[in-house]
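A short worksheet on the structure shown next.
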Amino acid sequence: MWILTVFVVLVAVIMLGFWAFFGGNKTYAPRIHLLPVKEPKNSTFESVCTQLQNTGFKDLGVYKVAEMPVTLRGFVNSFEHFTAAVYFHPKAGAWADICVVYVDGTGLTVTNAPMGGVLDSRPGQEKVYKKGISLHELLAIAKTKRKVGPYNEPVTAKAFVTFFEDAYAKDMAWRQSKGGITAEEVRRVAEEGGRTVSAENAKKVSEIENEQIKSFSLLPCYNGGMCQFKDPNGSIKDIEGMPIGGNLEPRSCPGFDFICPAFMKDFGLTPQDINIRATLYRGDHIDVLVKQGKLEKDSAEYIALHERYEDILEQYPQEEYPKYYGEQSRE
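Counting in the working numbering, the sequence shown runs without a single skipped number right up to 332 at its last residue.
Written out as structure tokens, the structure reads:
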């Protein structure tokens, strides 16, 4: 399986200065959803994508990771058995992954990601981090390092979204199972970024990160497992198709990490539908928190929520996508 560098790069970005070490908001999630978007205007991103296409890779589409400030473009080279992704993050820049997946579930990922290579990776998933090298060098390493096979069938454009989302989910599940990010990993990330962090501070950062990771399991959705809609506090299903806890705050909507399949079937919703509807609902109601004094209008959280809300409004106007707006009246 693919080791997705999107998570490890984001963790490194958070830890190395774009997030306060002893505070901050939840920035990554246990599940992600890819939404089709236009290609970002970034010369490096565009150049790497062009190079991949010139070396036999087929375009699988451009997507935005709904839960993160990341855009990516997928590629596949069936002859070489490679799947690739080119990423763009506004602060980390652009980078690429090239991976190969074997029939036994193990895999190889070669990347020129700017950071994150010092974080632990799942057993059976070989990773090669070469910060800043060219795409041609990346391809050469991938061809040299891969095993003879047998390989999994090449991913198709139709299956890419599921393939990518599943790879991320498996990686996050493994991180949860090992107890989250260790203090030693925090220390290594700091060192990779040219910083020194004390053992006490590394432990504190690890605890903060792991509190977030532990919270991911509060809304499980497993066959035969707990159901988030049977909350002892009396959770309800809101009109936008999102579960809301007892506090009924708009911020109880952004979870959409574990959505019950039966719930989605009842409402005729896909994960993408739920993601979009949750964003619209939250954006419509976020000012309620401001009026209640629970959120500052100039805070990073408010700004991020508002920007994402405006982005979704632009991509999915009500007149073209009425199903995303439900029966909720809009001011």
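Glycine included, every Cβ here is placed at the ideal spot set by N, Cα and C.
### Query
Who does Val129 pair with in a DSSP beta bridge?
One-based indexing of the sequence shown puts residue 129 at position 128. Secondary-structure assignment with DSSP links Val129 through a beta bridge to Val111.
### Task
Count the other CB atoms, across all protein chains shown, that sit within 10 Å of the CB of Ala95; report buried if there are 16 or more and exposed otherwise.
For the purposes of this step, residue 95 is taken as the residue at position 94 of the sequence shown. Under a 10 Å Cβ-count criterion, Ala95 is classified as buried, with 16 or more other Cβ atoms of the shown protein chains found around its own Cβ.
### Message
Please state the DSSP three-state secondary structure of Leu281.
### Response
Numbered from 1 along the sequence shown, position 280 holds the residue referred to as residue 281. The DSSP-derived three-state label of Leu281 is helix.
### Query
Would you call the CB atoms of Ser199 and Ala184 closer than 8 angstroms?
In the sequence shown, the residue the question calls residue 199 occupies position 198. In the sequence shown, the residue the question calls residue 184 occupies position 183. Their beta carbons are not under 8 angstroms apart, which means Ser199 does not touch Ala184 by this criterion.
### Query
For the beta strand (DSSP E) that His90 lies in, which residues bound it at each end?
The residue labelled residue 90 in the question sits at position 89 within the sequence shown. In the DSSP assignment, His90 falls within the beta strand (DSSP E) that extends over Phe83 to His90.
### Message
Using C-beta distances below 6 angstroms, list every residue in its chain close to Ala203, excluding the 5 sequence neighbours before and after it, in chain order.
### Response
One-based indexing of the sequence shown puts residue 203 at position 202. Only Ala184, Val187 and Arg188 meet the Cβ criterion.
### Task
Output the residue ranges of the alpha helix (DSSP H) runs that lie fully inside the region 126–171 and measure 4 residues or longer, sorted by chain position.
Counting whole runs of 4 or more residues, the region 126–171 contains the alpha helix (DSSP H) stretches 136–146.
### Message
Taking the alpha-carbon of Glu308 as reference, which of Pro318, Thr280, Leu136 and Glu193 has the nearest alpha-carbon?
### Response
Position 307 of the sequence shown, counted from the first residue, corresponds to residue 308. Restricting attention to Pro318, Thr280, Leu136 and Glu193, the CA atom closest to the CA of Glu308 is found in Thr280.
### Query
Which class does Leu306 belong to by DSSP, given the choice of helix, strand or coil?
Translated into positions along the sequence shown, residue 306 becomes position 305. When secondary structure is reduced to three states using DSSP, Leu306 falls in the helix class.
### Tyr310 versus Phe83: straight-line alpha-carbon distance, rounded
Position 309 of the sequence shown, counting from 1, holds the residue named residue 310. Position 82 of the sequence shown, counting from 1, holds the residue named residue 83. When rounded, the distance between both Cα atoms is 35 angstroms.
### Query
Going by alpha carbons, who is nearest to Phe148 out of Ser135, Ala170, Thr163 and Cys100?
Within the sequence shown, residue 148 is the residue found at index 147, counting from 1. Looking at the sequence itself, residue 148 is Lys, so the reference to Phe does not match. Nearest of Ser135, Ala170, Thr163 and Cys100 to Lys148, Cα basis: Cys100.
### Task
Using alpha carbons as the reference points, say which of Thr112, Lys324 and Met116 lies closest to Ala191.
Along the sequence shown, one-based indexing puts residue 191 at 190. Of the candidates Thr112, Lys324 and Met116, Met116 places its Cα closest to the Cα of Ala191.
### Task
Would you give the residue range spanned by the alpha helix (DSSP H) that Ala93 belongs to?
The residue given as residue 93 occupies position 92 in the sequence shown. No residue range can be given for Ala93, since it is assigned to no alpha helix (DSSP H) and is classified by DSSP as neither H nor E.
### Query
So the alpha helix (DSSP H) Leu36 belongs to, where does it begin and stop?
As a working mapping, residue 36 is identified with position 35 in the sequence shown. In this chain, Leu36 is not harboured by any alpha helix (DSSP H); it is covered by the beta strand (DSSP E) spanning Leu35 to Pro37.
### Task
Name the residue from Glu315, His34, Pro323 and Tyr317 whose alpha carbon lies nearest to the alpha carbon of Ala334.
This structure cannot settle anything about residue 334, because the visible part of the chain is limited to 2 through 332.
### Task
For my contact list, Phe58 and Ala85 are in at a C-beta cut-off of 8 angstroms; report their separation, rounded to the angstrom.
If you number the sequence shown from 1, residue 58 lands on position 57. If you number the sequence shown from 1, residue 85 lands on position 84. That belief holds up - the Cβ atoms of Phe58 and Ala85 are roughly 6 angstroms apart, short of 8 angstroms.
#### Entry: 6 angstroms CB neighbourhood of Gly50 in its chain, flanking five on each side removed
Along the sequence shown, read from residue 1 onward, the residue named residue 50 stands at position 49. It is worth fixing the name first, because residue 50 is Cys in this sequence and not Gly. Excluding residues within five positions, the ones whose Cβ falls inside 6 angstroms are Arg74 and Val87.
### Inter-stretch contact (C-beta, 8 angstroms, three-pair minimum) for the region 146–163 and the region 100–112
Contact between the region 146–163 and the region 100–112 is present, because at least three Cβ pairs lie under 8 angstroms.
### Whether Val156 touches Val63 by CB criterion (8 angstroms)
Walking along the sequence shown from the start, residue 156 turns up at place 155. Walking along the sequence shown from the start, residue 63 turns up at place 62. The answer is no: Cβ separation not under 8 angstroms.
### Query
So is His90 buried or exposed if we call it buried at 16+ other beta carbons inside 10 Å?
Translated into positions along the sequence shown, residue 90 becomes position 89. Its Cβ being crowded by 16 or more others within 10 Å, His90 is buried.
### Task
Round the Cβ separation of Glu53 and Leu136 to the nearest angstrom and send it over; I've been treating them as touching at under 8 angstroms.
Locating residue 53 in the sequence shown gives position 52, where the first residue counts as 1. Locating residue 136 in the sequence shown gives position 135, where the first residue counts as 1. Per the sequence presented here, residue 53 reads as Leu, with Glu not at that position. About 7 angstroms separates the CB atoms of Leu53 and Leu136; that is less than 8 angstroms, so the two are in contact.
### Task
Whole angstroms is fine: what's the gap from Lys292's alpha carbon to Thr72's?
For the purposes of this step, residue 292 is identified with residue 291 of the sequence shown, where counting begins at 1. For the purposes of this step, residue 72 is identified with residue 71 of the sequence shown, where counting begins at 1. Near 33 angstroms, if we compare the C-alpha coordinates of Thr72 and Lys292.
#### Entry: Residues near Thr107 in its chain [Cβ-Cβ closer than 7 angstroms; skip 5 each side]
The residue given as residue 107 occupies position 106 in the sequence shown. Only Gly125 and Gln126 meet the Cβ criterion.
### Task
Indicate whether Thr112 and Ala97 have their beta-carbon atoms separated by less than 8 angstroms.
Taking the sequence shown and counting its residues from 1, the one referred to as residue 112 is at position 111. Taking the sequence shown and counting its residues from 1, the one referred to as residue 97 is at position 96. Going by C-beta atoms, Thr112 is nearer than 8 angstroms to Ala97.
### Task
Rank Glu297, Lys298, Gly284 and Asp288 by C-alpha distance to the C-alpha of Leu314 and give the top, closest one.
For the purposes of this step, residue 314 is identified with residue 313 of the sequence shown, where counting begins at 1. The shortest Cα separation from Leu314 among Glu297, Lys298, Gly284 and Asp288 belongs to Gly284.
### Task
Pick helix, strand or coil for Asn78, following the three-state DSSP scheme.
Taking the sequence shown and counting its residues from 1, one reaches residue 78 at position 77. Note: Asn78 maps to strand in three-state DSSP.
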